[in-house]
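Peer 1: Here the sequence shown stands for residues 113 to 496, where the numbers follow our numbering.
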Amino acid sequence: IRTIPLNEQARRICHQEQSRTLAFCSFKYNPNSMEESEAHFIRLLDHQTFEFLSTHPLDQYECGCSMISCSFSDDNNFYYCVGTAYVLPEENEPTKGRILVFAVEDGRLQLIVEKETKGAVYSLNAFNGKLLAAINQKIQLYKWMTREDGSHELQSECGHHGHILALFTQTRGDFIVVGDLMKSISLLVYKHEESAIEELARDYNANWMTAVEMIDDDIYVGAENSYNLFTVRKNSDAATDEERGRLEVVGEYHLGEFVNRFRHGSLVMRLPDTEMGQIPTVIFGTINGVIGIIASLPHDQYVFLEKLQSILGKFIKGVGSLSHDQWRSFHNEKKTAEARNFLDGDLIESFLDLNRSKMEEVSKGMGVSVENLSKRVEELTRLH
113 IRTIPLNEQA RRICHQEQSR TLAFCSFKYN PNSMEESEAH FIRLLDHQTF EFLSTHPLDQ
173 YECGCSMISC SFSDDNNFYY CVGTAYVLPE ENEPTKGRIL VFAVEDGRLQ LIVEKETKGA
233 VYSLNAFNGK LLAAINQKIQ LYKWMTREDG SHELQSECGH HGHILALFTQ TRGDFIVVGD
293 LMKSISLLVY KHEESAIEEL ARDYNANWMT AVEMIDDDIY VGAENSYNLF TVRKNSDAAT
353 DEERGRLEVV GEYHLGEFVN RFRHGSLVMR LPDTEMGQIP TVIFGTINGV IGIIASLPHD
413 QYVFLEKLQS ILGKFIKGVG SLSHDQWRSF HNEKKTAEAR NFLDGDLIES FLDLNRSKME
473 EVSKGMGVSV ENLSKRVEEL TRLH
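1. Look at the Cβ atom of Phe164, then the Cβ atom of Arg155, and state whether they are nearer than 8 Å.
2. Under DSSP, the beta strand (DSSP E) around Ile399 begins and ends at which residues?
3. Would you be able to state if there are at least three C-beta pairs under 8 Å between the region 295 to 306 and the region 318 to 330?
4. When the Cα atoms are used, what is the spatial distance from Asn372 to Ala323?
5. Based on the DSSP secondary-structure assignment, which residues constitute the bridge partners of Ser338?
6. Use the C-beta contact count for Pro206: other C-beta atoms within 10 angstroms, 16 or more gives buried, fewer gives exposed.
7. Taking contact to mean 3 or more Cβ pairs, one atom from each stretch, closer than 8 Å, check whether the region 426 to 434 and the region 331 to 346 are in contact.
8. For the region 284 to 328, which segments carrying the alpha helix (DSSP H) assignment without a break, of at least 4 residues, lie completely within its bounds, in sequence order?
9. Helix, strand or coil, according to DSSP, for Asp158 in the structure here?
10. Taking contact to mean at least 3 C-beta pairs separated by less than 8 Å, is the region 239 to 248 in contact with the region 181 to 199?
11. Three Cβ pairs or more, each shorter than 8 Å: is that satisfied between the region 395 to 403 and the region 360 to 377?
12. Any chance the CB of Glu226 is under 7 Å from a heavy atom of the ligand FMN?
13. Which runs of the alpha helix (DSSP H) fall wholly inside the region 211 to 235 and span at least 4 residues, in chain order?
14. Give every residue of the same chain whose Cβ lies closer than 8 Å to the Cβ of Phe463, excluding the five residues on either side of it in the sequence, and list them in chain order.
15. So, is Gln128 buried or exposed, given that buried needs 16 or more other C-beta atoms within 10 angstroms?
16. Using the Cα positions of Phe153 and Lys255, report the straight-line distance between them to the nearest angstrom.
17. Keeping to the same chain, check which residues put their C-beta closer than 6 Å to that of Val333; ignore five residues upstream and five downstream.
18. Taking DSSP as the reference, what is the three-state secondary structure of Glu523?
19. Under the rule that 16 or more other beta-carbon atoms within 10 Å means buried, what is Tyr234, buried or exposed?
20. Can Cys518 and Arg123 be called in contact, C-beta distance under 8 Å?
21. So what's Thr438 in DSSP terms, helix, strand or just coil?
22. Note the first and the last residue of the continuous alpha helix (DSSP H) segment covering Met478.
23. Taking the continuous beta strand (DSSP E) assigned at Thr493, which residues delimit it?
24. Once DSSP output is grouped into helix, strand and coil, what is the label at Gln413?
25. Output needed for Pro261: all residues of its chain with C-beta closer than 7 Å, excluding positions within five of it in sequence on either side, in chain order.
26. Three-state secondary structure (DSSP) at Ser263?
27. For Tyr302, tell me which candidate among Ile403, Asn240 and Phe416 has the shortest Cα-Cα distance.
28. Once the 5 residues before and after Phe139 are set aside, which same chain residues still bring their CB inside 6 Å of it?
29. Locate the alpha helix (DSSP H) running through Ile460, then write down its first and last residues.
30. According to DSSP, is Gly209 helix, strand or coil?
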């Protein structure tokens, strides 16, 4: 692990393989001003040497809220797109922001397009060769246009209202999942022929979202501010419109950490010809600096490990003899519910730390040999 001192607070970071650079939004306190103030920047680094290459200062009171690297339809170039907000002292919520599109030319950030918005640009996604933005209460889709003089602009194509604050967006094909400040998760679809974005379904529970991700076409995972994780499922085969319009909650779990980012990927080299290499994983990060993995297990493996977790709960006591089942129960201001369709990988892997006699007792309860059980748990550890 190598540490690169930035001497300021990084808020968003993005990698662009094509230009071999890293860009990040950062801020630092201005010690020279009479009042305590912040100065915000977009910085560019070499992705191997981490040498500072270029800096673009943001306006007074402007801060970076989102950042992606993407390309657009009919344009082979890759760009850094940055969403910002003007956080004015007299405003409770930002009423204006900008989308800035940068190209990396000779190791420098070049501002190509600037688009003003009527609110904070909380999230940006590359979407069908276009740019999808979450701006305050609205989801907005922009297309990339080339003017006669060869310059470019972002032109608004369509949008979708109906959110309190659309903080997080993830996309897959024509589908958009939105994590709202208070209104949990909703599923939208982009209709090409009509150039419109419509809502397909939503979770009607009140969850204050902190992150969201699409595990696959039908299952979406969310994190909320009471340190819980939950999964919802799209009911596309349901009989009635009402059922199809509802995202069904299928999994609940108390993580005990404030998750602020999900990302598809793996922390280890995955061998595709192994059983574990076929298991899809999502990485999560938390505000305490924890990095974790959520793995989507096949049903038979889940059933086996669920039984193992139940037996281990009797042998391994938590700090202060807290009940594991109670600790992992989904809990917020509205409700408490037993954890379901989630397993605690840390507890399961602690089987390997037991002494031989306890291992044998656990294995007896599982109906398999110690060696066989150890092998299956060790395979699980290879996910991270």
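Ideal Cβ placement from N, Cα and C applies to all residues, glycine included.
Peer 2: The structure says:
1. Position 52 of the sequence shown, counting from 1, holds the residue named residue 164. Position 43 of the sequence shown, counting from 1, holds the residue named residue 155. Between Phe164 and Arg155, the gap from beta carbon to beta carbon is short of 8 Å.
2. Residue numbering aside, residue 399 sits at position 287 when the sequence shown is read from its first letter. Bounds of any beta strand (DSSP E) do not take in Ile399, whose DSSP letter is neither H nor E.
3. As far as the Cβ criterion goes, the region 318 to 330 touches the region 295 to 306, which means the pair count is three or higher.
4. Walking along the sequence shown from the start, residue 372 turns up at place 260. Walking along the sequence shown from the start, residue 323 turns up at place 211. Ala323 has its alpha-carbon roughly 5 Å from the corresponding atom of Asn372.
5. For this step, residue 338 is matched to residue 226 along the sequence shown. Beta-bridge pairing links Ser338 to no other residue.
6. For the purposes of this step, residue 206 is taken as the residue at position 94 of the sequence shown. By the beta-carbon neighbour count (other beta carbons within 10 angstroms, threshold 16), Pro206 is buried.
7. Result no; under three Cβ-Cβ pairs closer than 8 Å.
8. Whole alpha helix (DSSP H) segments, 4+ residues: zero.
9. Within the sequence shown, residue 158 is the residue found at index 46, counting from 1. DSSP, read as helix, strand or coil, puts Asp158 in strand.
10. A contact exists between the region 239 to 248 and the region 181 to 199.
11. The region 395 to 403 vs the region 360 to 377: in contact.
12. The ligand content of the structure shown is nil, which means the ligand FMN is not present either.
13. List check, alpha helix (DSSP H) in window: nothing returned.
14. As a working mapping, residue 463 is identified with position 351 in the sequence shown. The residues are Leu420, Leu424, Met471, Val474, Leu485, Ser486 and Val489.
15. In the sequence shown, residue 128 corresponds to position 16, counting from 1. Classification of Gln128: buried, given that the 10 Å Cβ count is 16 or more.
16. Here residue 153 refers to the residue found at position 41 when the sequence shown is read from its first residue. Here residue 255 refers to the residue found at position 143 when the sequence shown is read from its first residue. Cα to Cα, the separation comes out at about 26 Å.
17. Along the sequence shown, one-based indexing puts residue 333 at 221. Sequence-distant Cβ neighbours of Val333 in its own chain, meaning closer than 6 Å and more than five residues away, are Glu325, Ile327 and Thr343.
18. Nothing about residue 523 can be read from this structure; the chain reaches only from 113 to 496.
19. To locate residue 234, count along the sequence shown from 1; it is residue 122. So Tyr234 counts as buried.
20. With the chain covering 113 to 496 only, the question about residue 518 has no answer from this structure.
21. Working through the sequence shown from its first residue, we reach residue 438 at position 326. Residue 438 is actually Gln in this sequence, not Thr. Reduced to three states, the DSSP call for Gln438 is helix.
22. Counting from 1 along the sequence shown, the entry for residue 478 is found at position 366. Note, Met478: alpha helix (DSSP H), Arg468 to Met478.
23. Start at 1 with the first residue of the sequence shown, and residue 493 comes out as number 381. That residue, Thr493, is in no beta strand (DSSP E); its alpha helix (DSSP H) goes Val482 to Thr493.
24. Residue numbering aside, residue 413 sits at position 301 when the sequence shown is read from its first letter. Looking at Gln413 - three-state DSSP - the assignment turns out to be helix.
25. Here residue 261 refers to the residue found at position 149 of the sequence shown. The question names Pro, yet the displayed sequence has Asp at residue 261. Correct list: empty, nothing qualifies.
26. Within the sequence shown, residue 263 is the residue found at index 151, counting from 1. Under the three-state reduction of DSSP output, Ser263 falls in the coil class, being neither helix nor strand.
27. Looking up residue 302 in the sequence shown gives position 190. Checking every option, the nearest Cα to that of Tyr302 belongs to Asn240.
28. By one-based count along the sequence shown, residue 139 stands at place 27. Sequence-distant partners of Phe139 (beyond 5 residues in either direction) whose C-beta falls short of 6 Å from its own C-beta, in its chain, are Gln121, Glu150 and His152.
29. As a working note, residue 460 is residue 348 in the sequence shown. For Ile460, the uninterrupted alpha helix (DSSP H) run begins and ends at Gly457 to Glu461, by DSSP.
30. Translated into the one-based positions of the sequence shown, residue 209 becomes position 97. In the three-state DSSP reduction, Gly209 falls in the strand class (E or B).
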